[in-house]
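Participant: Let me give you the structure first, and then I'll get to my questions.
Residue numbers (my numbering), protein chains in the order written: chain A, 1 to 159; chain B, 1 to 342; chain C, 1 to 289; chain D, 1 to 668; chain E, 1 to 192.
Printed below as a string of structure tokens:
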């Protein structure tokens, strides 16, 4: 069986972390291919829905990358993201989802090495955690909808 | 003109929505001039066989309240879907899962265990638990299946319209009826209430400061000694979900100086009510210090899930793959996998 | 904060007066410290030349015992101090070493987590935890006018990133100043004393000892202060031989910094092991009595 | 699905090989075949270099012949070529914003070992682009006018060169310098390598030109406090420190200095690197620009006790009749408006006392190279005579290269100028004292026009070159030859023997490092620093003086160690970039601004406080929030918070972001 | 007559796998970073006695001069003071490399015969392994008994002085739980 390869969605700010990823490329740093990057202008643009959407569509982890505190290209968009992030983490926990699946890192344009380290580390963590779809018992599909009831109805199964 | 046939049914709900129908009072009598009720188990003696006997599409519209958790409920709503031209999800539970939907935040086994074994008021000999496997033919009934999850109505069958609210206020119900019976009914999928958020109709909206809202401390109603009746509740630090909640109720709760908890659900375009609520609430926290933010959250929002998904947990994005989602919105957000000719 | 005291083999032998004076100083300062139960040899540097893993495993046993009781370990011998720290670092950084040693420890009924105990040198504890200001307050008998040549030796600050600069440390200088000593600044603070070469390659070892003694003499030192039993031993026990080889009289008392500190704090001479030195040290204190 | 303009998306996907940069790792034909299976993709092609003319032509032709109305190029980072391909899309006849770039080079082929995984990742990124681009819509970019005035920060040779170039082109230039005179490090040097030009002979005329130029407003003894605004329209606050001498009245006649109550200079002169002394009132050096005295309040008796007879003031008033000294002067805040900024803040030298083994600060005869520059300077404190602190002439001198450089314990980089300036100092010392001069080097690095020739010249002058990094400079001596001198202990690595070399003077060739306040400045101007702390250029080769913040340029050693010729060249380049920006007269803004749909806005006020630029206000009559387009910078913070989904960000709409996420996750 | 020697090195004389072997040892990873500046040699208190300076040892190791390196006196003269490592501008841990070379030299029996330094290491190793602690007297005794018995006589005066000052206990100190130590050592990967 193929070993589990987690999928990571990176939501990266245009001015810091996206550039760090560019720099990692220019410096030919090799890191886990599990990361797939979406560019936004500022981490403050990121909506919790984007994160939930990523999980719902098969991501095993979401990495938000923004500028270091005080460095935001838009003054303090990264802090607005931080507020949402902290609250969202709490919510995920209530959902029974390991909060390590959502990670926020401040990575500046020059910190390609940090990006590499974070991605490799995060990939490793997610490998240990296993696929998102299998994690929280709340999201375990069972017999619902149950086939027995349908047959007693004498109805055709609907898609 | 012949009266249009109308049905009512309830699934997992508290009965408040049935009450809401009665709350129409004399308006109900006026409505009865246009409609004929052919199915309403809570009020009139109809049996399932009566419905089964009807032709497909014979009923003009069926109003279903309550969420779906039992196999019995699923059976009946499928049946009603076939027999009805229009299905209206009536009230927050069938709209989004409602309060019963909060049960999705707990595992089914925990619920059964609490109710039949470990709950503080339960006296048990250790064996009493409803078992759908037991069929007591001699009594003429069998037990329905208790599903693992609670679902909103449109996660079980196609729904044409939604009447929001917990419960829907009479004005909304009346307006909705009028729209349904009009010559040109609204497009399918419409939520029959305002298209704006609650703030839009709230009398306290104008008390918000022009420079916007910044919150240093969230409070829960019981923590506030005296709510200022003349200032926006959100501005006072109460977690009022008015900005993210569909209007139409006339800001009833806020009039009673209680913060909106979101029973009318999200506005068009918002996929996940809880996420949207969470995002705006977090955004207005007035702090950049992670420790301070954590403290503000600790003190003011101890239960984010219960706060933001009070009525809409089954409709959360995270449950969508599992429980299905509103077909219309899915089509909108997914590009079609069609080939076009080169 | 209670500490474990890890004597290492030397403090039970050639470094007996280091042990005495150290225990005395800690008692006078009211820092509770007790000997690590059933400690074993740290693995020492010679061990590394034969089988590093065995050396690290031996050190790890001590760490595991200390961790069981959750106390930081004070290792006064610079070699022990270095080896124990190196073991911690290697166990943290190298998975194959960690796994092998943890497995072996487990078989012997021991566990080790790695981040629960810190290895400290008494100089570090005295300067950075107790603090120079506090020690200055506690001085009963100032060593005013005693010219001391502080000699750190190599391993207390090696490898890099310890509690003081790796080539030009200053902690002991500051401590001795607080006792009233006149501290001599010199460039040989961490120059090797010859280590075990004094016993193996005598001509080389003696030369290294001579360099230090000669420089101390040239700079007008009344005494050399050391922090390591091997340094003290080399400079003290081989002094006579060096004098013979280089036909030069030296006669420089070589003390442990804890002896100077103990004296200043008012300890009795007999509690400091002063009589155990080969080059007599009493005259240093006669100057200030 | 139909786009907003009603047409069905017809997507063209163009996958670039980038030579072997992408093609060597990603299986491009496989990716192209995959792209053809994606929804609404009409054509998918591969090409060796998409950014080349023939590559761009592919796009233009497909737009025209196949009616392509959405263009995806899978190649490098959008930061590199987004502009190129938008232009191609426009030239092909489509709106340029119906283009999207998939980054499969920096984010895939260059960072992924395994070709199979790289190919999969490239597919995912392209699928994401295909999903995303269905939601693209035609947009208009906006133009805003550019203020042609320029701010230059730093009055060293870089700032001076840039200022003169721009001023000569007719631009108004504000030159802000922290010290009381411009000139920077170069003003301290005696000679410059390899030509041995006299530094002040070539610098002083330029400094004077700055002072006299009608287009340059020189603001010395000042620091930038605040920077607001954006490219084309910056507002900058500058703090001018009080020098307690009124600049306009002072004529630099030294009468005040001569009359100071201190009869002789007592305090270390900053300009002379502490080798020379100054009085509390002083002119840093005779060629200073502006030639104006300054009072140091830390050492002036009047400031310390308030009981000075103030003879300087008296002399200025009575002897010169200028009355320029004003003890009550306060700091001033100036506000200036500019369209572009050039940062030329330079470097600092490595603090040699961080290497205690070299004895700097402990042994008086250990000097830094900058101190020696003052010592050999004919206008320096000894008039150019090279003597030890006790007045003796050194008989032998050791010059230690790479002090603080090429050392991971300090600065890992090569400081680039030390070899050459060490050679220069070796030459000057040998020439003036006849001493034995030893150079201790790790590697001799003399690339540059005439530099190797200079090295060879030194070899002929009988200077010792010992290849080895010195371990210590010590006063531990072991024989009569060494007694009383400093001993350098080094391995002569070419011979393989450890040597002890006694010398009278040690010169530490300290390296260059980012200024201690570079981090602060970086934040102030919202640019980035490299990991080492140098200001980060936009591209190391193609955009060496630009930064990621439009309108902010860098020149000289603030970007990395540089010699004078390179610094001057870079300053010219920065001036050129500024001219091309301000002479165009306008800039085009990315249309990624936020837009409020008034029909959906509920007037909840949530967005208003979030906007960092106060671009959102509340319209009381309409009961909705509204965005001032000119102020919006397109961060999207309000979009992420809007509870009604009434705000969207152009180019970054939720549909676009979410479709992209979905697409990224489709490929297994 | 002056003996004349050819000193040319052919590639086939070298062992290019040697550097990989050394680099794979913990602490020795940075061999590639060496820029041959020689600061290690200059900082080393013993380099003046060595046949190859530490810098050369690194260069030779890197280039596969296996025989020369393993049989050199340099590695045995290293007193493990870590001065080289502390000074090295490239963070090459030369001391650890010396340790690794010593171990290989012993393993391959390349060390100089009757040279007391490796003997001391071995005596120490054997003693401590069984007792858990070192007894300085007995270890030294064991070394010189094997290397040069007459040395022991020369040591008598110093021994006596130490003895009378209670600095040379003759007891063979050992730890209580020797069984535990034995279990640990016999369960290491490297041990059988």
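Beta carbons: idealized from backbone N, C-alpha and C, even for Gly.
These numbers were taken from a predicted model, which means no experiment stands behind them.
#1: Beta-carbon within less than 6 Å of residue 450 of chain D's beta-carbon, same chain only, minus the 5 sequence neighbours each way: which residues are those?
#2: Taking only beta-carbon positions, decide if residue 39 of chain A is within less than 9 Å of chain D.
#3: Name, going along the chain, the residues of the segment 205–227 of chain B whose beta-carbon falls closer than 7 Å to a beta-carbon of chain D.
#4: For chain A, check one thing: does any of its Cβ atoms lie closer than 9 Å to the Cβ of residue 136 of chain D?
#5: Does DSSP put residue 450 of chain D in a helix, a strand or coil?
#6: So the beta strand (DSSP E) residue 7 of chain B belongs to, where does it begin and stop?
#7: Specify, as a first and last residue, the run of the alpha helix (DSSP H) that residue 313 of chain D falls within.
#8: Against chain A, with Cβ distances strictly below 9 Å, would residue 304 of chain B count as a contact?
#9: Ends of the alpha helix (DSSP H) at residue 181 of chain D?
#10: Starting from the Cα of residue 347 of chain D, find the closest Cα among D/15, D/85, D/559, D/381 and give me that residue.
#11: For the alpha helix (DSSP H) that contains residue 170 of chain C, what are its first and last residues?
#12: Give me the chain E residues within the contact set of residue 409 of chain D, using Cβ-Cβ distance strictly less than 7 Å, ordered along the chain.
#13: Let me check you understand the geometry: is the CB of residue 204 of chain B closer than 8 Å to at least one non-hydrogen atom of the ligand MN?
#14: Applying the criterion that 16 or more other CB atoms from any shown protein chain within 10 Å of the CB defines a buried residue, is residue 387 of chain D buried or exposed?
#15: Can you tell me whether residue 424 of chain D is helix, strand or coil according to DSSP?
#16: Determine the chain F residues that contact residue 222 of chain D at a beta-carbon separation under 8 Å, and present them in chain order.
#17: Using 9 Å as the limit for Cβ to Cβ distance, is residue 443 of chain D near chain E?
#18: Check residue 197 of chain D in the structure and name its three-state DSSP category.
#19: Just how far apart, CA to CA, sit residue 187 of chain E and residue 96 of chain C?
#20: When the Cα of residue 44 of chain E is compared with those of D/115, D/471, D/420, which residue comes out closest?
#21: Taking 8 Å as the limit between beta carbons, can you name the residues of its chain near residue 103 of chain A, skipping five residues before and five after?
#22: Counting only beta-carbon separations shorter than 9 Å, does residue 6 of chain A have a partner in chain B?
#23: Could you pull the start and end residues of the alpha helix (DSSP H) that residue 255 of chain C belongs to?
#24: Could you tell me the alpha carbon to alpha carbon distance between residue 63 of chain B and residue 38 of chain D, rounded to whole angstroms?
#25: Going along chain E, which residues have a C-beta under 9 Å from residue 104 of chain C?
#26: So, using beta-carbon positions, are residue 246 of chain B and residue 312 of chain B closer together than 9 Å?
#27: Specify the secondary structure class of residue 413 of chain D as computed by DSSP and reduced to three states.
#28: Along the beta strand (DSSP E) that carries residue 155 of chain E, what are the first and last residues, could you check?
#29: So, helix, strand or coil for residue 53 of chain A, using DSSP?
#30: Quick check on residue 145 of chain D: does DSSP put it in helix, strand or coil?
#31: Is residue 327 of chain D helix, strand or coil by DSSP?
#32: Below 8 Å, how does it come out for the segment 70–87 of chain E and the segment 101–112 of chain E: are there three or more Cβ pairs, yes or no?
#33: Along the segment 324–357 of chain D, where does the CB come closer than 7 Å to a CB of chain C? Name the residues.
#34: So which of D/603, D/599, D/124, D/588 has the shortest CA-CA distance to residue 140 of chain D?
#35: For residue 38 of chain A, I'd like the list of residues in its chain whose CB is within less than 6 Å of its CB, leaving aside the five on either flank, ordered along the chain.
#36: Give me, in chain order, the residues of the same chain whose beta-carbon lies closer than 6 Å to that of residue 136 of chain D; leave out the 5 immediate sequence neighbours on both sides.
Facilitator: In this structure, then:
#1: If the five residues before and after residue 450 of chain D are omitted, its C-beta is found closer than 6 Å to the C-beta atoms of 194, all from its own chain and listed in chain order.
#2: Answer yes: the Cβ-Cβ gap between residue 39 of chain A and chain D drops below 9 Å somewhere.
#3: For the segment 205–227 of chain B, the set of positions with a beta-carbon nearer than 7 Å to some beta-carbon of chain D reads 205, 208, 210, 211, 212, 213, 214 in chain order.
#4: It does not: the Cβ of residue 136 of chain D has no partner Cβ on chain A nearer than 9 Å.
#5: DSSP, read as helix, strand or coil, puts residue 450 of chain D in coil.
#6: Annotation: the continuous beta strand (DSSP E) that includes residue 7 of chain B extends over 4–10.
#7: Here the alpha helix (DSSP H) through residue 313 of chain D covers 311–315.
#8: Closer than 9 Å to some Cβ of chain A, the Cβ of residue 304 of chain B qualifies, so yes.
#9: Boundaries cannot be given for residue 181 of chain D, as no alpha helix (DSSP H) includes it and DSSP labels it neither H nor E.
#10: Just measuring C-alpha positions, the residue of D/15, D/85, D/559, D/381 sitting nearest residue 347 of chain D is D/559.
#11: Unbroken run through residue 170 of chain C: none, as it is neither H nor E.
#12: Correct list: 89.
#13: Judged by which ligands are present, the structure shown has none, so any question about the ligand MN falls away.
#14: Within 10 angstroms of the beta-carbon of residue 387 of chain D lie fewer than 16 other beta-carbons, which makes it exposed.
#15: Residue state for residue 424 of chain D is assigned as helix, using DSSP reduced to three classes.
#16: Of the protein chains in the structure, A, B, C, D and E, none is chain F.
#17: Closer than 9 Å: yes.
#18: Residue 197 of chain D: strand per DSSP, three-state reduction.
#19: When rounded, the distance between both Cα atoms is 14 Å.
#20: A check of alpha carbon separations from residue 44 of chain E across D/115, D/471, D/420 identifies D/471 as the nearest.
#21: The beta carbon of residue 103 of chain A is closer than 8 Å to those of 61, 62, 63, 64, 118, 122 in its chain, skipping five residues each way along the sequence.
#22: Answer no: the Cβ-Cβ gap between residue 6 of chain A and chain B never drops below 9 Å.
#23: Taken as a continuous stretch (DSSP letters only), residue 255 of chain C belongs to no alpha helix (DSSP H), being part of the beta strand (DSSP E) at 254–256.
#24: Linking residue 63 of chain B to residue 38 of chain D through their CA atoms gives a straight-line distance of about 41 Å.
#25: For residue 104 of chain C, the residues of chain E that pass the 9 Å Cβ criterion are 183, 184, 185, 186, 187, 188, 189, 191, in the order they occur in the chain.
#26: In this structure, residue 246 of chain B lies away from residue 312 of chain B, with their beta-carbon atoms at least 9 Å apart.
#27: If DSSP states are grouped into helix, strand and coil, residue 413 of chain D belongs with coil.
#28: Bounds of any beta strand (DSSP E) do not take in residue 155 of chain E; it lies within the alpha helix (DSSP H) bounded by 149–164.
#29: If DSSP states are grouped into helix, strand and coil, residue 53 of chain A belongs with the helices.
#30: Taken through DSSP and simplified to helix, strand or coil, residue 145 of chain D comes out as strand.
#31: Three-state result, residue 327 of chain D: coil.
#32: Using a Cβ-Cβ distance cut-off of 8 Å, the segment 70–87 of chain E and the segment 101–112 of chain E are in contact, since at least three pairs of beta carbons, one from each stretch, lie closer than that value.
#33: The residues in question are 356, 357.
#34: Comparing Cα positions, the closest option is D/588.
#35: Counting only Cβ-Cβ distances below 6 Å, and skipping sequence neighbours, we find 11.
#36: Closer than 6 Å at the Cβ level, and outside the excluded window around residue 136 of chain D, lie 98.
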